[in-house]
Structures are given as C-alpha cells and as structure tokens.
Amino acid sequence: MKKRTADGTVKVKLESRGVDRLGGLPDDVLGHILGFLPTPLAVRATQLSRRWRRLWPAHVLALNLSVRNCTTRGVGVTFPRLCTEALSRFPTFDIPSISLDFGRHVYIAEANTWYPEAMERAAGSVRVTVPRGVVRLELPRFTRAESLNLTLHHGVYLELPAAGDDPVRFDRLTELVLATVRLPAGTPPLHDFLSSCCPRLRRLRLCRLRGGEATRELVLRSDALEALDIDNVDGLTRLDVAAPNLRSLSVRSCFRYPVTATETDVVVSAPRVESICWYRSYPKRLIFRADGTLTRVRRLSGLKLATLGRTDQFDYPYTKQLLQACSLTTEYLELDLLLPDEMTLLNWLGPEEMAASSSCEDLMTYAPKLPRVTVLSLTVRWGLHANVVPCLASLLSRVPSVTTLYVDSAPYCITVLSALPHRGEYRWGRALCADQKMSLDSLREVSVRGLRGTDAQECKLVDFLLGAVSPSTNRISLAFRDGTAEHTVDEIAAELPTNFPIATPGRWAKMVRSNGLELTKRTSGASIR
1 MKKRTADGTV
11 KVKLESRGVD
21 RLGGLPDDVL
31 GHILGFLPTP
41 LAVRATQLSR
51 RWRRLWPAHV
61 LALNLSVRNC
71 TTRGVGVTFP
81 RLCTEALSRF
91 PTFDIPSISL
101 DFGRHVYIAE
111 ANTWYPEAME
121 RAAGSVRVTV
131 PRGVVRLELP
141 RFTRAESLNL
151 TLHHGVYLEL
161 PAAGDDPVRF
171 DRLTELVLAT
181 VRLPAGTPPL
191 HDFLSSCCPR
201 LRRLRLCRLR
211 GGEATRELVL
221 RSDALEALDI
231 DNVDGLTRLD
241 VAAPNLRSLS
251 VRSCFRYPVT
261 ATETDVVVSA
271 PRVESICWYR
281 SYPKRLIFRA
291 DGTLTRVRRL
301 SGLKLATLGR
311 TDQFDYPYTK
321 QLLQACSLTT
331 EYLELDLLLP
341 DEMTLLNWLG
351 PEEMAASSSC
361 EDLMTYAPKL
371 PRVTVLSLTV
381 RWGLHANVVP
391 CLASLLSRVP
401 SVTTLYVDSA
411 PYCITVLSAL
421 PHRGEYRWGR
431 ALCADQKMSL
441 DSLREVSVRG
451 LRGTDAQECK
461 LVDFLLGAVS
471 PSTNRISLAF
481 RDGTAEHTVD
491 EIAAELPTNF
501 PIATPGRWAK
511 MVRSNGLELT
521 KRTSGASIR
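Numbering (full-length UniProt numbering), first residue to last: 1 to 529.
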C-alpha cells in the first residue's frame with residue numbers, strides 16, 4: 001500500500017508477511033519468469049509447492065541448456081543426456097525459445113541427436129553459444145525458427161548446409177545473427193545462402209566474421225530486409241545492397257586495411273533508410289544511389305570529425321559526404337570530435353607532409369549547417385595543448401535547434417591527466433574570456449560525462465557549456481570518472497552557484513554511480529532520466 005507523507009514523499013507500506021504475492025500470479029506469468037532461468041534450476045524451482053509442480057514444462061515456454069549447469073567431470077555425457085531429457089519432456093513439439101551453451105568435451109557432430117532435434121523443434125528464437133572446445137558446428141538444413149543467433153569462438157568453424165536433393169529451408173527466419181564465426185575454405189558465397197534460403201529475413205547482423213572467399217563480396221537483394229549491421233567482416237571488398245524497405249544500416253570496422261591494388265566498393269540503394277552508422281570503414285568508393293536514398297535519414301552515428309588534417313584521409317571524406325547529404329534531414333547526430341596534437345598529426349600525415357604547412361587544413365570550415373538536429377551526442381577527444389572551446393563552439397553554431405546535448409570528455413592520454421596535481425588554478429568559472437562565450441537558448445538538457453575536475457581543457461569545456469545555457473534549461477548533469485576525489489566534487493558543487501548563476505537555479509543533487517560521482521541539477525517539474 002502506498003502512503004504519501006506530509007513532506008510529499010511516498011512510502012510503501014508492506015502488507016502482512018503471510019501474503020504470498022508471488023503465488024498470487026497466474027500460471028502463465030510464473031512460467032514466463034521461470035523461462036529466464038537455466039532449465040535445471042527452473043525444474044528445481046517447481047518443487048517449491050504442489051501448484052508449482054505443474055508449471056514445468058506445461059507453462060514454461062523456453063529451454064535454457066548450458067554446460068555450466070553440469071558438473072565438470074563427465075560433462076561430455078551429462079550434458080547430452082540433459083538436453084535429450086529436456087526435449088523429451090517438453091509437452092509440445094514446437095518450442096518457442098531455445099538457448100544452447102556448450103563447449104569442451106561436447107561433440108555435437110557425432111551420433112548425438114539432440115542438437116538437430118532442438119533446431120528442428122524451435123519455433124521462435126534459437127541462441128547457440130559455443131565458447132571453446134568444439135571444432136565444427138553444422139547448421140541444419142531445416143529450421144522453423146524465426147530468430148537465430150550463433151555466437152561462436154574464433155576457433156570454431158560454421159558449416160553451412162550444402163546444396164543437394166534435400167532443399168535447405170529457413171522459410172520463417174526473420175532475424176539472423178552470426179557473431180565470431182569462421183567459415184571453412186570452400187564455402188560458397190554467404191550471400192548465395194542468404195538469398196536462396198532466407199527469403200523473409202528482416203534483420204541481419206554479421207559481427208567479427210571470417211570467411212575467406214565466402215565473405216569477399218556481400219551482395220544483398222531483398223525486399224524484406226529492414227536492418228543490416230556489418231561489423232568487422234574480414235577481407236570484405238564489396239558491399240552491394242539493394243533493399244527498398246531497409247530502415248537501418250550500420251557498417252563498422254570494415255575495409256580498414258585496403259590494399260592498393262584491391263578495389264573496395266560500397267553501393268547502397270535504400271530509399272527508406274532512416275538510420276546510418278558509419279564507423280572506421282574506408283572503402284575506395286562509397287555510393288548511395290540517386291533513388292531517394294539518404295532523403296529520409298533521421299539518425300547519423302559512428303562518425304569521426306577531425307578539426308585538423310587532410311580532407312582525403314581516414315574518416316573525414318565519409319563524414320563529410322554523409323553530413324552534407326543528410327544535412328537537411330538529420331535529427332539525431334552522434335560523432336567523435338577529434339582535436340589532434342602535434343604527435344597525432346605527425347602519425348596521420350607523416351614527417352614530409354607535416355613539414356608542408358599547406359597539407360594541414362582547418363577541417364571545421366567544411367562542416368555543413370545541420371538545422372534540424374535536436375539531439376547531439378559528442379565524444380570530445382583532445383591531445384596536448386589543444387584548444388577545445390573554439391572547435392566546440394564552431395560545431396554548436398551549426399546546430400541551432402539542438403535541445404539535448406551529451407558530451408563525453410575523453411582526452412587522448414589519460415595517464416597525462418592522472419599525473420596532474422590537485423585542482424590548483426583549474427577553477428571552474430575562471431577559464432574563459434568574454435569573447436569565448438556564446439548563447440545556446442535552445443538547450444533543455446546538458447550532460448557531460450568523464451570529468452576529472454583537474455584538467456585545463458576540461459575546465460574550459462564545462463565553463464563554456466554552463467555559460468552558454470539559459471535559465472530555461474531543465475537538466476544539467478556533470479558525471480565524474482571513477483577515482484575522482486569526493487572532496488574535489490564537493491568543491492566544484494560549492495563553486496557552481498557563484499560562478500554560473502544563470503545555469504544553476506534549481507535543485508542540485510550529488511549521486512553515487514557505479515562508475516563515479518554525478519552532480520545533477522533539475523528545475524521544478526523536470527525529471528531525471
């Protein structure tokens with residue numbers, strides 16, 4: 001029972017200890033809860049009462065089978081026996097959810113029948129995890145599952161079913177995840193298997209995939225595909241996607257080490273795409289078809305925007321291309337703002353180009369206006385002797401409609417900061433001159449994370465943001481790194497009302513988080529998310 005006290009707080013009054021709240025739940029709800037437990041534990045839990053004895057397997061809609069629930073000694077025998085018994089006792093042929101976690105001493109490729117039976121009976125989702133110990137895992141020729149997630153160890157080969165008289169059928173599969181997977185030599189192209197065997201696939205994720213010639217090219221032609229996530233596919237040289245209903249595209253850590261003689265291409269035709277993540281991927285050509293692709297993009301993420309360097313190096317050409325193409329539609333923007341120091345530029349450009357002053361440009365001048373961005377998430381990385389405020393101000397001037405700003409403070413070399421003395425002269429509210437200030441009246445929420453309270457550039461960054469917000473800002477959050485001295489946070493909290501009178505009206509609170517301390521200000525009526 002809830003009771004409101006005189007000061008407005010709400011207290012919960014517990015009823016009599018004799019009330020069995022858990023036992024009052026319907027059988028289907030209890031079965032759903034037990035479905036999150038490993039199957040042996042769920043079976044043991046049903047021995048708590050006579051009523052619970054009928055819950056498994058009648059009302060439990062999942063099998064969670066893991067070698068971790070077997071004793072180490074004799075696991076090669078006990079685990080197959082556990083799987084066979086669990087499958088035989090399940091009351092229906094169709095099993096809504098199956099999770100298999102097996103490894104050393106469990107050889108599924110031999111005479112055991114429980115693995116193909118489990119894959120055949122799965123009617124909803126299947127998750128297979130093989131951490132180690134198994135050399136090869138065979139994908140069955142038939143499954144009625146709608147979701148299939150295979151997470152293997154780097155030493156495990158996944159054998160796709162070969163073409164033959166018996167057709168390969170995954171007609172109901174709508175979601176496929178292949179993570180940390182190796183395909184053996186001689187495997188046909190992966191896209192042939194996807195196009196011929198998975199006609200209803202809506203979500204595809206390939207993560208840390210190594211397949212040689214099987215993954216050299218990925219050509220996808222699908223009317224059903226809605227989400228595509230390609231993450232670190234080794235040796236990929238061509239990605240060609242034509243998916244009229246694709247809504248989300250993510251390409252991360254592909255084409256990272258291009259060979260000069262190898263042509264690498266990305267061609268995308270997706271007129272309904274709304275979200276694009278592009279991270280550390282460097283094909284020689286990135287082409288979006290002129291069929292409406294990029295005209296509906298609302299979210300851009302994974303981008304890296306360097307403030308100095310060359311316009312044709314690393315991430316900048318792709319960042320510039322996407323920002324300019326989506327400048328009038330993007331509403332959510334997530335990027336890394338990089339302020340390289342002299343050593344970083346030397347690594348990027350080389351000693352000869354570094355010596356030529358014309359080789360290093362101010363890249364912020366090419367950044368377009370983004371008038372529709374309302375949420376901006378930044379990771380600000382700076383090196384030694386960098387000047388954060390002008391670059392941050394230049395970027396914020398290009399997003400006049402931003403209402404929510406998230407900033408992660410991430411200097412290049414954290415060990416340099418850890419060697420700094422205590423706060424000393426780095427006092428918030430004294431770091432900026434009058435000509436370095438600007439007004440951000442549209443901001444309603446500001447969150448700065450990764451603070452230490454002892455760095456000059458960090459001090460200027462916070463001074464700039466707190467000096468730019470208006471009294472109408474609903475929420476300001478300052479999160480400090482784990483290890484920041486509590487007395488430093490207390491000193492900063494005491495200085496905030498004096499140095500930032502416009503930004504600080506409202507109620508400030510200090511909270512202890514799992515990764516450090518946080519100062520949060522809320523105005524009346526605003527809520528902390």
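Using N, Cα and C, we set each Cβ at its ideal position, and we do this for glycine too.
Using C-beta distances below 6 Å, list every residue in its chain close to leucine 100, excluding the 5 sequence neighbours before and after it, in chain order. Leu65 and Val128
Within 10 Å of its beta-carbon, does valine 389 have 16 or more other beta-carbons around it, so buried, or fewer, so exposed? buried
Report the rounded CA-to-CA distance for isoleucine 33 versus alanine 118, giving the unit in angstroms. 22 Å
Contact check, aspartate 205 vs aspartate 229, beta carbons under 8 Å: According to the sequence shown, residue 205 is arginine rather than aspartate. The answer is yes: Cβ separation under 8 Å.
Give me the Cα-Cα distance between proline 340 and proline 368, rounded to the nearest whole angstrom. 21 Å
May I have the straight-line CA-CA distance separating valine 446 from cysteine 70, to the nearest angstrom? 49 Å
Which residues in the same chain have their Cβ closer than 8 Å to the Cβ of isoleucine 414, if we skip the five residues on either side of it in sequence? At isoleucine 414, the pLDDT of 49 sits below 50, so the modelled position is not reliable and the matter cannot be decided from this model.
From the DSSP output, in three-state form, read off aspartate 490 for me. helix
Output yes or no for whether 8 Å exceeds the beta carbon distance between threonine 174 and arginine 200. yes
Cβ-based neighbour list, leucine 420, same chain, cut-off 6 Å, excluding 5 preceding and 5 following: In this predicted model, leucine 420 has a pLDDT of only 46, less than 50, meaning its place in the structure is not dependable; the value taken from the coordinates is given anyway. Around leucine 420: Thr454.
Which ranges would you report for the beta strand (DSSP E) in the region 201-243 if only whole runs of at least 3 residues count? 203-210, 217-221, 227-234 and 238-242
Would you mind stating whether asparagine 232 and serine 250 have Cβ atoms separated by less than 8 Å? no
Between which two residues does the alpha helix (DSSP H) harbouring glycine 124 extend? Premise fails: glycine 124 lies in the beta strand (DSSP E), 122-130, not in any alpha helix (DSSP H).
Backbone CA spacing between glutamate 486 and arginine 21 [nearest angstrom]: 41 Å
Below 8 Å on the Cβ atoms is my guess for glutamate 458 versus arginine 449; work out the distance and round it to an integer in Å. That belief does not hold up - the Cβ atoms of glutamate 458 and arginine 449 are roughly 11 Å apart, past 8 Å.
How about serine 275: is its C-beta nearer than 8 Å to some C-beta of chain B? Given the protein chain composition of this structure (a single chain), no chain B is represented.
Please confirm whether arginine 208 and alanine 179 have their CB atoms less than 8 Å apart. yes
Between which two residues does the beta strand (DSSP E) holding valine 389 run? Run containing valine 389: none in the beta strand (DSSP E); it sits in the alpha helix (DSSP H), 388-396.
Measure the beta-carbon distance from leucine 370 to leucine 337 and round it to whole angstroms, keeping in mind my assumption that it falls under 8 Å. That belief does not hold up - the Cβ atoms of leucine 370 and leucine 337 are roughly 14 Å apart, past 8 Å.
Leucine 158 beta carbon less than 8 Å from that of leucine 183: yes
Could you spell out where the alpha helix (DSSP H) holding glutamate 342 opens and where it closes? 342-349
contact_flag[the region 289-299, the region 320-332] where n(CB pairs < 8 Å) is 3 or more: yes
Less than 8 Å between the beta carbons of residue 530 and phenylalanine 500, yes or no? Only positions 1 to 529 of the chain appear in the structure, and residue 530 is not among them; the question remains open.
Rounded straight-line distance, which links the Cα of lysine 320 to that of leucine 360: Looking at the sequence provided, one finds cysteine at residue 360 rather than leucine. Cα to Cα, the separation comes out at about 16 Å.
Got a sec, what are the start and stop residues for the alpha helix (DSSP H) leucine 41 sits in? 39-45
When Thr187, Gly212 and Asp223 are compared against arginine 203, the one with the closest alpha-carbon: Asp223
Starting from the C-beta of tryptophan 278, find all residues in its chain whose C-beta is less than 7 Å away, skip the five residues before and the five after it, and write them out in chain order. Val251, Gly302, Leu303, Tyr318 and Leu322
Determine the contact status of leucine 363 and alanine 306, defining contact as a CB-CB distance below 8 Å. yes
Please work out which residues of its chain come closer than 8 Å, Cβ to Cβ, to aspartate 28, disregarding the five sequence neighbours upstream and downstream, and give them in chain order. His59
Roughly how many angstroms separate the alpha carbons of serine 97 and glycine 31, rounded to a whole number? 13 Å
Buried or exposed for alanine 162, please, with buried defined as at least 16 other CB atoms from any protein chain shown within 10 angstroms of its CB. exposed
Let's test the definition: count the other Cβ atoms within 10 Å of the Cβ of glutamate 342 and tell me whether it reaches 16, buried, or not, exposed. exposed
From what residue to what residue does the alpha helix (DSSP H) around tyrosine 332 run? Per DSSP, tyrosine 332 belongs to no alpha helix (DSSP H); it is in the beta strand (DSSP E), 332-339.
Identity of the residues DSSP links to tryptophan 52 by a beta bridge: Tryptophan 52 is not bridged to any residue.
For leucine 440, collect the residues of the same chain with a Cβ closer than 7 Å to its Cβ; drop the 5 residues on either side in sequence, then sort them by chain order. Leu396, Ala468 and Val469
CA-to-CA distance, tyrosine 316 to histidine 385, given in whole angstroms: 22 Å
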